[in-house]
Amino acid sequence: MTTITLPDVTTGTLSAAATGLDRALLRAASALDAHVLGRVERRAGVAFRRAVSAHSAADGIRRDATARAAIGILPR
1165 MTTITLPDVT
1175 TGTLSAAATG
1185 LDRALLRAAS
1195 ALDAHVLGRV
1205 ERRAGVAFRR
1215 AVSAHSAADG
1225 IRRDATARAA
1235 IGILPR
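Every letter in the sequence shown is one number past the one before it in the working numbering, and letter 75, counting from 1, is 1239.
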């Protein structure tokens, strides 16, 4: 998100004045973006923790199977 900091914005032949309302809308949009980003990160955090937990459980089962195979005990 880009915030307009100058009172007037000029690009080539077009010029526009940034009003207080424009700045307020940009600040509100920025705050909304931050809020949504926080929610998405929290959701991703839960999914990531679940994936790590599943990976850890599978790794433990594999280690147990390897250890039992080393002493001659095979799973049925």
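Backbone N, C-alpha and C define an ideal beta-carbon position, used for all residues, glycine too. Fair warning: this is a prediction, and the values are worked out from it, not measured in the lab.
Three-way DSSP call (helix, strand, coil) for residue i in this model
i	result
A1182	coil
I1235	coil
M1165	Because the pLDDT of M1165 is 44, which lies under 50, any placement of that residue in the model is unreliable, and the number read from its coordinates should be weighed accordingly. It is coil, neither helix nor strand.
Cβ neighbour criterion (16 or more within 10 Å) applied to residue i
i	result
G1202	exposed
C-alpha gap between residue i and residue j, whole angstroms
i	j	result
R1226	A1215	16 angstroms
S1194	A1182	16 angstroms
V1200	G1224	36 angstroms
L1185	V1204	28 angstroms
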